[in-house]
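Asker: One structure coming up, written as structure tokens, with questions to follow.
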Amino acid sequence: MTSLTEDTRRSAEAYGESAASRKSFFTDTSICIGCKACEVACKEWNRNPQDGSLEVLGSSYDNTGGLGANTWRHVAFVEQNSQRIEEARESGRKLVNLGMPGVGPPQSSGPAADGAKSSTAPPDTAEFRWLMSSDVCKHCTHAGCLDVCPTGALFRTEYGTVKVQEDICNGCGTCVAGCPFGVIERRDEGIIRAKVDRAQSKYAQEIPNEGTANKCTFCYDRLVDGQTPACAQTCPTTSIKFGDHEDMVDQARRRVAELREQGMTEARLYGANPNDGVGGTGSVFLLLDEPEVYGLPPDPRVATKDLPRMYKRTALAAVGMIAAVGASFALGGRR
Amino acid sequence: MAECHPVGFQWVTEAKARGARIIHVDPRFTRTSAVADRHIALRAGSDIVLLGALINYVLSNDLWFEEYVRAYTNAATLVSEDYRDAEDLNGLFSGYNPEDGTYDMTSWAYQAAGGDEKVGEPGEDAEGDVAEPEGLGQGGPALSHAEVARDETLQDPRCVFQVLKRHYARYTPEMVEKTCGISAEDFAYLAESVTQNSGRERTTAFAYAVGWTQHAQGAQFIRTAAILQLLLGNMGRPGGGIIALRGHATIQGSTDIPTLFNLLPGYLPMPEAGQHNTLSDYIGTIYSEGQKGFWANADAYTISLLKAWWGDAATEDNDFAFSYLPRLTGPHGTYQTVERMLRDEIDGYFLLGQNPAVGSANGKMQRMGMSHLKWLVVRDFSLIESATWWKDGPEIETGELRTEDIETEVFFLPAANHTEKAGSFTQTQRLVQWRHQAVTPPDDAQSELQFIYELGKRVRERLAGSQDWRDRPLLDLTWDYPTDEHGEPDAEAVLAEINGYYVSGEKQGQPLSSFTEMRPDGSTAGGCWIYTGIYADGVNQAARRKPGHQQDATAAEWAWAWPANRRLLYNRASADPQGKPWSERKKYVWWDAEQKRWTGKDVPDFPVDLAPDSRPDPEASGVEALAGDDPFIMQSDGKGWLFAPQGVVDGPLPTHYEPPESPLSNPLYGQQSNPSRVLFPREDNLLAASSSAPGAEVYPYVFTTYRLTEHHTAGGMSRFLPYLSELQPEMFCEVSPEFAEEVGLEPYGWATIISPRSAIEARVFITERMTSLTIGGRRVHQVGLPYHWGTGKEALVEGDAANDLLGLSLDPNVQIQGSKAAQCAVRPGRRPRGRQLLELVEDLRRQAGLTVETGNQRLTVPWTTTPQDHPSEEES
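Those protein sequence lines, which keep their order, are chains W and L. Counting from 1, position 54 in the first sequence corresponds to residue 54 in this note's numbering; the numbering is continuous, with no gaps. In this note's numbering, each number is its position in the second sequence, counted from 1, plus 1000.
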């Protein structure tokens, strides 16, 4: 599909010789340990203000709630019993039957322990599990936020990522509604001042870019220096991987195949399908349950997806209307 | 490990990706459990039953690594006829002294070869020597000689192997089920996993942290794992071992060059008043003529240390200034020191990066103790609770302390953090990694190095010209380091001193390259013998950073590991007795017959030219007495100790005792708790009654304390930072759904947790991550409490301190407190404020009828030396 306002090919061409290969994240939640180092490294690097009210949120070990103007990496914690695990396994099994991309024999099983062939029998269902997953801006192939931005503050970088230019953003907030994932948010008083009194003390932080839209920059300022984004750099278990888009998708497909080979049919990819409603994402995830469980929309569609069709129909309607009006004049003239 | 050591957990993740099976044993389901192959919940404090049952499983199913055990351990060594096991004496060992709870270890001794004589401690008198908890260095205590009686068939009932078999015969899967709450199926999974993954081709590692150490018998928990690993042949081999995960950065370093009262650098013991009047008295207790191994050179290590500290003032004529060293008059641990504060025997106290008002057990005792000081110096990044208890601590709220009555003068000095100063971190693998200064400290903040150096200079200025003999140790110190323009001493100069150098002779002034170059004649100096080589050739070896992908898996050129840049200790054991690798897969260090040298992927931990078939001259001692198949070169007989004839003060074999506060009676012995634990029978340290004792029902639930990834220990480095505080903003408790229903707790509501010491409030996390266990036919509920919060107005987030709930009973070997298993009551809702809080705590104490004797009686069986009747005694 094509979006109305951005032609991704032309975006890339616009960089000419300075265009780079598209960069992406692959977040493998099966090895995430929920340490939240990504959240902290992100805030440290980007100087984002502290979020939240400094009170327990009531959501397992998650106390920052979700992605927003200040939290650009967010770790979800999901506690599940055996029944829910079975359901996840079953729903994943159906995905295979539907011919989900990327499922097949592993191309490389890695340096597996000699003599210890991975078992094909499904592992026993545990009585309990605790899912952890680090969410981030998806850097969509067709980015709703970028499409609807009236000022051009949001742009496609030479790395194929999507970034806000905070000095151009006028804070209109149109992008907030344009994001199918609920990622981008405006940093303003409503968000940052609603804190307990203590946060107004000496620990109160300077708030940069107040009033503008904010989201993950894919550490653009690090990419231009050949550095890895802060979250991927700090992740101790390599749950967050960073690299060229094709490599990331490829690694994700191999990993999901490997897990399924081990009987973990609950493993599935999110964002790796270029035919989905946003044309695939620049942040690919390996999940162990349905996306909703992690707070991700199951079938994201860019808000502008239908615009061309709508405009076509509108144009058709307009032409029809003009024709009708013209006809009525013509007819009227005969009378 | 993922919860508290997320960075180190990357290697576990990698191992798992390569096919390793990860099993997590913990009372709570943590972030480690989330990615482990299986989580096994157990009752806090029951670990010796589990590990003992694994030992029993290995022995009774003949799964031990026979060739390894026969050659490398003391399995064949005979134990004295006088020895009586805990199995014979209902939970006690022979030699117990009911007066003071200590053991006389004489009867645990090995039997000497060719006679009935015992192999004792050097220099002991006819009555034997009483176990001195504070008197031992590391690496195994001294034996008077290594000529021990052995039975190579392992059949003699008095050989260690048979003693071990009998000792653990009753540690069965059934016992595990009714003591730990672990199902037979889970136990079988664990036992099969561990044993199938051990042997010639494979090795298994155990990783632990303070979940094992912080018990009234913590050292014995680790000993149990050590026995198991020796039986399975997992010591001294790649992928094996027992990995101690430290409490925070460079805890390993702070025992190597210790902040502990009972050690000098390099695990040399601190001398004791009255016992070690001369250098030879002192050296004589570390080793003796006839014993094997590298401790035989303790005189060279000690004299080099004295030369490093006192330079020219240390001469042969004055015993190398040995008399300048302080002497111990008893255990001077944290908690004994606090007791002395409360008796007004301590004037001043330095807190360097420590927050005992929040981080130490029985927090009230800590804070009350500090209120008795004349002065207190707190060096930290922020105004931690230990610096502000006098104005906003819990005792101010209850009225127990009034600010205007406190006479303690509190000094707060800002400290530089690790990016603001150069120095080293030593991690658990003994890897010393250099840290360069990135930025200069802000404002008045200083490094510890600069602070201590300045303090020393100023004290010496004050004392200059003094003729008083007691000032000589300070005035004679070598105290001169180059400094930069900010007055910061050059940390590398300190490293060079630690490494050591030639004091005289041809190479005068040159750095030593190995501790084998140290001499007992004053011609060498060195601040910590095990670190010698870290500055070899005048190069800071700890600062080496050759990336892993540019070298082999041993990565010998990344930083520097003590001793001698050796990455794996006792690695002689990675080859068989003939010097050949046990398997190609686990090949590590081996004997090169052509070159007549030990070689391999690491620095061999063995005399490099000592052939595997070499047998020592019977008259030899020290390093020369080692046989070619004695891999445990720091042990006085060259063997791994399944049975510890000396050195572990509360028993030669780990034995299960219930925690000092426990919901059940010891199912194995009449003796309820560790009879040698250190007690504090005081009104401010009342203990709950255990099991069926009257009053036990008042505190029916087990609680255990722990950490979260998001915070650092007592919060000094996390609760003052917004990015960390927001991640875990409030104190909480974790309970099972079943328990929540029983007590009436609401999700994310409040609970009040009450122990005989105090009561705290916490938000309630009801989660299946906490499981209630069925133990001995009854349900045992465990309450999980992170200990990061404290009461004070300076931090970004505050909360009640879990450590206020803990009572004191210490491990007698290392003086650590038990923080992992204690008893409490739980009520829904927030706690009362002010005086009413004290009344609530007092109410429950009264209901339970607690006195200072409750839980503080050592013996629950009569002490007798004759064998006791026992449930099942049949020996195989």
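For each residue, glycine too, the CB sits at the ideal point set by N, CA and C. From a predicted model like this one, the values you see are computed outputs, not experimental measurements.
#1: Count the other CB atoms within 10 Å of the CB of Lys1118 of chain L; is the residue buried (16 or more) or exposed (fewer)?
#2: If we ignore side chains and look at the alpha-carbon of each, how far apart do Thr1032 of chain L and Ser239 of chain W end up?
#3: Could you give the distance in angstroms between the alpha-carbon of Thr1213 of chain L and the alpha-carbon of Asn1813 of chain L?
#4: Use the C-beta contact count for Thr1403 of chain L: other C-beta atoms within 10 angstroms, 16 or more gives buried, fewer gives exposed.
#5: Using a Cβ-Cβ cutoff of 9 Å, what residues of the segment 1023 to 1053 of chain L are near chain W? List them in chain order.
#6: Pairing CB atoms from the segment 58 to 69 of chain W with CB atoms from the segment 1718 to 1737 of chain L, are three or more of them under 8 Å?
#7: How long is the line joining the alpha carbons of Ala14 of chain W and Thr157 of chain W, rounded to whole angstroms?
#8: Thr1285 of chain L and Gly1052 of chain L look like a contact to me (Cβ under 8 Å); what is the Cβ gap, rounded to whole Å?
#9: In chain L, what lies closer than 8 Å to Glu39 of chain W by C-beta?
#10: Who are the Cβ neighbours of Ala1273 of chain L in its own chain at under 7 Å, not counting the five residues just before and after it?
#11: Considering only C-alpha positions, which residue in the set W:Ala20, W:Glu6 and W:Arg9 is nearest to Gly243 of chain W?
#12: Taking DSSP's pairing of strands, which residues face Ile1040 of chain L in a bridge?
#13: Cα separation between Tyr317 of chain W and Ala303 of chain W?
#14: Report the residues of the segment 1762 to 1778 of chain L with a CB closer than 8 Å to any CB of chain W, ordered along the chain.
#15: Give the straight-line distance between the Cα atoms of Pro1652 of chain L and Cys216 of chain W, rounded to the nearest whole angstrom.
#16: Is there a C-beta anywhere in chain L that falls below 8 Å from the one on Asn81 of chain W?
#17: Report yes or no: do three or more beta-carbon pairs, one from the segment 282 to 295 of chain W and one from the segment 266 to 274 of chain W, lie closer than 8 Å?
#18: Between Ile1498 of chain L and the rest of its own chain, which residues show a CB-CB distance below 6 Å, the 5 nearest in sequence each way excluded?
#19: Quick one: is Leu296 of chain W buried, meaning 16 or more other Cβ sit within 10 Å of its Cβ, or exposed?
#20: Check the Cβ-Cβ distances between Thr1704 of chain L and every residue of chain W, and say whether any is below 8 Å.
#21: Along the chain, which unbroken stretches of the alpha helix (DSSP H) at least 4 residues long are found entirely within the segment 1318 to 1406 of chain L?
#22: Under a three-way DSSP split, which group does Asn48 of chain W fall into?
#23: Determine the burial state of Asn1197 of chain L: buried for a count of at least 16 other Cβ atoms within 10 Å of its Cβ, exposed for fewer.
#24: Classify Asp124 of chain W as buried or exposed, calling it buried when 16 or more other Cβ atoms lie within 10 Å of its own Cβ.
#25: Examine chain L for any beta-carbon lying closer than 8 Å to the beta-carbon of Trp72 of chain W, and answer yes or no.
#26: So, does the CB of Arg1833 of chain L fall closer than 8 Å to a CB anywhere in chain W?
#27: Identify whether Gly102 of chain W lies in helix, strand or coil by the three-state DSSP scheme.
#28: Go ahead and pull the three-state DSSP assignment for Lys1596 of chain L.
#29: Give me the Cβ distance between His139 of chain W and Val176 of chain W, rounded to the nearest whole Å; I'm assuming they're in contact under 8 Å.
#30: Could you work out which residues of chain L lie near Asn170 of chain W, taking near to mean beta carbons separated by less than 9 Å?
#31: Counting C-beta neighbours from all protein chains within 10 Å, is the total for Trp1469 of chain L 16 or more, i.e. buried, or is it exposed?
#32: When the Cα of Phe1703 of chain L is compared with those of L:Gln1354, L:Ser1060, L:Ala1017 and L:Leu1042, which residue comes out closest?
#33: Tell me whether the segment 65 to 85 of chain W and the segment 218 to 225 of chain W touch, counting them as touching only if at least three CB pairs, one residue from each stretch, are closer than 8 Å.
#34: Give me the subset of the segment 1179 to 1210 of chain L whose CB atoms are less than 7 Å from a CB atom of chain W, sorted by chain position.
#35: Report yes if the CB atom of Ser1691 of chain L is closer than 8 Å to the CB atom of Ala1216 of chain L, and no otherwise.
#36: According to DSSP, which residues form a beta bridge with His74 of chain W?
Answerer: Straight from the coordinates:
#1: Under this definition Lys1118 of chain L is a buried residue.
#2: Taking the straight line from one Cα to the other gives about 14 Å.
#3: Computed Cα separation, rounded: 11 Å.
#4: Here Thr1403 of chain L is exposed: its Cβ has fewer than 16 other Cβ atoms, across all protein chains shown, within 10 Å.
#5: Listed by position along the chain: Phe1029, Thr1030, Arg1031, Thr1032, Ser1033, Ala1034, Val1035, Asp1037, Arg1038 and His1039.
#6: Between the segment 58 to 69 of chain W and the segment 1718 to 1737 of chain L there are three or more inter-stretch CB-CB distances shorter than 8 Å, so the stretches are counted as touching.
#7: One C-alpha to the other measures close to 10 Å.
#8: With a Cβ gap of about 32 Å, Thr1285 of chain L and Gly1052 of chain L do not count as contacting.
#9: Neighbours of Glu39 of chain W on chain L, chain order: Tyr1723 and Leu1727.
#10: Only Arg1327, Leu1328 and Thr1329 meet the Cβ criterion.
#11: Closest by alpha carbon: W:Ala20.
#12: DSSP lists L:Val1025 as partners of Ile1040 of chain L.
#13: Sequence check: residue 317 of chain W is Ala here, not Tyr. Approximately 22 Å, taken between the alpha carbons.
#14: Those would be Arg1763, Phe1765, Thr1767, Glu1768 and Arg1769, in chain order.
#15: When only Cα atoms are considered, Pro1652 of chain L and Cys216 of chain W end up about 59 Å apart.
#16: Interface with chain L (8 Å Cβ-Cβ cutoff): Asn81 of chain W is included.
#17: Contact between the segment 282 to 295 of chain W and the segment 266 to 274 of chain W is present: 3 or more CB-CB pairs across the two stretches fall below 8 Å.
#18: So the qualifying residues of the chain are Gly1527, Cys1528 and Tyr1531.
#19: Its Cβ being crowded by 16 or more others within 10 Å, Leu296 of chain W is buried.
#20: No - not a single Cβ of chain W is within 8 Å of the one on Thr1704 of chain L.
#21: List check, alpha helix (DSSP H) in window: 1334 to 1342, 1356 to 1359, 1363 to 1370, 1385 to 1392 and 1394 to 1398.
#22: DSSP places Asn48 of chain W in coil when its eight states are reduced to three.
#23: So Asn1197 of chain L ends up on the buried side.
#24: The residue is exposed, with fewer than 16 neighbouring Cβ atoms inside 10 Å.
#25: Not closer than 8 Å to any Cβ of chain L, the Cβ of Trp72 of chain W fails to qualify, so no.
#26: False, the Cβ-Cβ gap to chain W never drops below 8 Å.
#27: Bear in mind that a pLDDT of 43 at Gly102 of chain W, under 50, signals an unreliable position, so the model cannot answer this.
#28: Residue state, collapsed to three classes: coil.
#29: Between His139 of chain W and Val176 of chain W, the beta carbon gap of about 17 Å keeps them out of contact (Cβ cut-off 8 Å).
#30: For Asn170 of chain W, no chain L residue has a Cβ inside 9 Å of its Cβ, as the nearest lies near 29 Å away.
#31: In this structure Trp1469 of chain L is exposed. Its beta-carbon is surrounded by fewer than 16 other beta-carbon atoms within 10 angstroms.
#32: With respect to the C-alpha of Phe1703 of chain L, the residue from L:Gln1354, L:Ser1060, L:Ala1017 and L:Leu1042 having the closest C-alpha is L:Leu1042.
#33: Touching, no, given that fewer than three Cβ pairs across the two stretches are closer than 8 Å.
#34: Answer in chain order: no residues at all.
#35: No, the Cβ-Cβ distance between Ser1691 of chain L and Ala1216 of chain L is not below 8 Å.
#36: His74 of chain W pairs with W:Asp135.
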